[in-house]
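Have a look at the structure below, then the notes.
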Ligand code: PFF
C-alpha cells in the first residue's frame, strides 16, 4: 500500500479492514430494533425509496466528508476541528466546538453500554435457560431498574476496554473482522430459519407490501432521513477518527458507499429475521427495548428450538453493538490522547471509568431512555451539523476535494461539492430542527 502516514495508534491495514470497522460502527441497535419496524410502519417497500435515497446521499457526501477531514488532519475529533478552524485563524474556536460532538460520542456510549448490558443479560438467560421459562417482561424489568444489571454491564464495558488497549490494527480491525462477518452469517441463518415458521408470511407482508400513499406523508420522509443519519453513525465525531487511521492510497467515496451498502443489508436482514417470527406468533411488532427484550423472548419461548435461536440472536446483537461502542470510545480516546498528551492505556481507562461511573446510575429503563433521547435528539445532531459545516464551509470544499481525490483513480463527480454544501449541510440542520419538533427521528 502506498501509505504515507501511520497514526501512533496504528492504522487500518487495507480498505477491507477499514470498511469492516466502519460497518461495525454503522450496524447497531438502529438496524435491529428500529429499522424493521419503521420499514413496516411507513409503507413497507415504499419506505425503501426515501430511505435508500437518504442513506446513499448521506453516505456519499456525509461519510466521505467525515473520513476525509480525519485523514487530512491525521487526527480525530478535537484535532480535526482545530485543523478546519486553523485555516481561518480560529484554532481555539475549533477546539472548543469539538467538545460538543465529542460529548455526543461519550454520551451515546454511556447509554449504549447500559443497553448492551441488558443484551448480555438476556444472552446469559438464554444460555442458562432462565429466560425461556421466565415471564419475559419480568425478566427484563428485573435488570432494567436502578443498579439492576451491574455485572453484565461492567463485563461489556471491560470487553470493549480490553479490545481498545490493543490499538487500531490489532484491536479494532481484528475484532471487527471476526465479529461483523459472524453477525451477517448468524442473522442470515435466523432469516432462513424463520421462513419455515407457519404464519411467517404476515411478517413479509408487513415488511414489503408497498403502501404508496405513505410516500405522500411528510412523516415517512422525516423518519427515513433520521434513520439514515443515525444508522450511518454521522455524528461529527466517530467516523472522523476512523478516517484518521486510513491510508492515503484508499478511495474514500468508494469506501463510504460500501459502508452504506453493507449497513443497509444488515438492516434488511434484521427485518427478515425478526418480523416473520413476531407475526408468526401473532404478536404486535413494536420497536426499541420492548421489541428486543419482551416481544422477541415471548417468541423464543414458543418456537421450536427457540433457546438456540435466542442464543444466536443475542450473540449477534451483542457483536453488532460492541463494534459500535468501540467506535464511540475510540473517538474519545484518540482525542484525549492527542489533546492532553495522554498515553493510550490511560485514555482507554479514563473513558472506561467514565462510561461505567456515570452509566451505573443509569440502569433504570426510564433514566437511560431520557438520557439517550437527550443525546440523540440534541447533542448528536448538533455534532453532525458542526462536522458538516466545519468541513464544507470552514475548511472549504476545495481542500476537501483534494483530499477525496487522493487515492482515487476516477475524478470525483462534478456535483459532489455542490451537493455537499447546498443539500447535505442544510439537511443536517433540518435533522436538528425536526428532531426537536418530532421529539426524535433517529
Ligand atoms: N449506527 C449505530 C446504530 O445504527 O445503532 C449507532 C451509532 C454508532 C451512532 C456509533 C453513533 C456512533 F458513533
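In this note's numbering, the protein residues as written are 30 to 471. Note that beta-carbon positions come from the ideal geometry of N, C-alpha and C, so glycine has one too.
As assigned by DSSP and simplified to three states, the class of residue i
i: residue 310; result: coil
i: residue 40; result: coil
i: residue 56; result: coil
i: residue 399; result: helix
i: residue 229; result: coil
i: residue 173; result: coil
i: residue 440; result: coil
i: residue 455; result: helix
i: residue 116; result: coil
i: residue 418; result: helix
i: residue 262; result: coil
i: residue 280; result: coil
i: residue 192; result: helix
i: residue 332; result: coil
i: residue 110; result: helix
i: residue 248; result: helix
i: residue 296; result: helix
i: residue 73; result: helix
i: residue 67; result: helix
i: residue 286; result: helix
i: residue 32; result: Only weak support exists for where residue 32 lies, its pLDDT of 43 falling under 50; the coordinates are left without a value.
i: residue 393; result: coil
i: residue 150; result: helix
i: residue 49; result: helix
i: residue 129; result: helix
i: residue 412; result: helix
Check: residue i C-beta below 7 Å from any heavy atom of ligand 1
i: residue 285; result: no
i: residue 262; result: yes
i: residue 357; result: yes
i: residue 142; result: no
i: residue 55; result: yes
i: residue 269; result: no
i: residue 58; result: yes
i: residue 259; result: yes
i: residue 134; result: yes
i: residue 362; result: no
i: residue 124; result: no
i: residue 137; result: yes
i: residue 442; result: no
i: residue 242; result: no
i: residue 345; result: no
i: residue 155; result: no
i: residue 353; result: yes
Residue range of the unbroken alpha helix (DSSP H) whose run includes residue i
i: residue 324; result: Run containing residue 324: none; DSSP gives neither H nor E here.
i: residue 374; result: 373 to 388
i: residue 340; result: 335 to 369
i: residue 122; result: 120 to 126
i: residue 221; result: 203 to 224
i: residue 103; result: Careful: residue 103 lies outside any alpha helix (DSSP H) and carries neither H nor E.
i: residue 241; result: Where residue 241 is concerned, there is no enclosing alpha helix (DSSP H), given that its DSSP letter is neither H nor E.
i: residue 432; result: 426 to 434
i: residue 267; result: 267 to 273
i: residue 84; result: 77 to 86
i: residue 449; result: Neither: residue 449 is in no alpha helix (DSSP H) and is coded neither H nor E.
i: residue 161; result: 159 to 162
Beta carbon of residue i nearer than 8 Å to that of residue j
i: residue 223; j: residue 306; result: yes
i: residue 275; j: residue 100; result: yes
i: residue 357; j: residue 51; result: no
i: residue 463; j: residue 204; result: no
i: residue 411; j: residue 461; result: yes
i: residue 384; j: residue 186; result: yes
i: residue 367; j: residue 216; result: no
i: residue 193; j: residue 362; result: yes
i: residue 256; j: residue 58; result: no
i: residue 96; j: residue 382; result: no
i: residue 258; j: residue 471; result: yes
i: residue 53; j: residue 297; result: no
i: residue 212; j: residue 348; result: yes
i: residue 389; j: residue 179; result: yes
i: residue 79; j: residue 304; result: no
i: residue 266; j: residue 133; result: yes
i: residue 60; j: residue 284; result: no
i: residue 302; j: residue 220; result: yes
i: residue 426; j: residue 449; result: yes
Integer Cβ distance of residue i from residue j, believed to fall under 8 Å
i: residue 322; j: residue 69; result: In fact, because the Cβ distance is near 19 Å, the residues do not count as touching under 8 Å.
i: residue 131; j: residue 107; result: 7 Å
i: residue 240; j: residue 75; result: 6 Å
i: residue 281; j: residue 433; result: 5 Å
i: residue 249; j: residue 72; result: 6 Å
i: residue 175; j: residue 393; result: 5 Å
i: residue 94; j: residue 420; result: 4 Å
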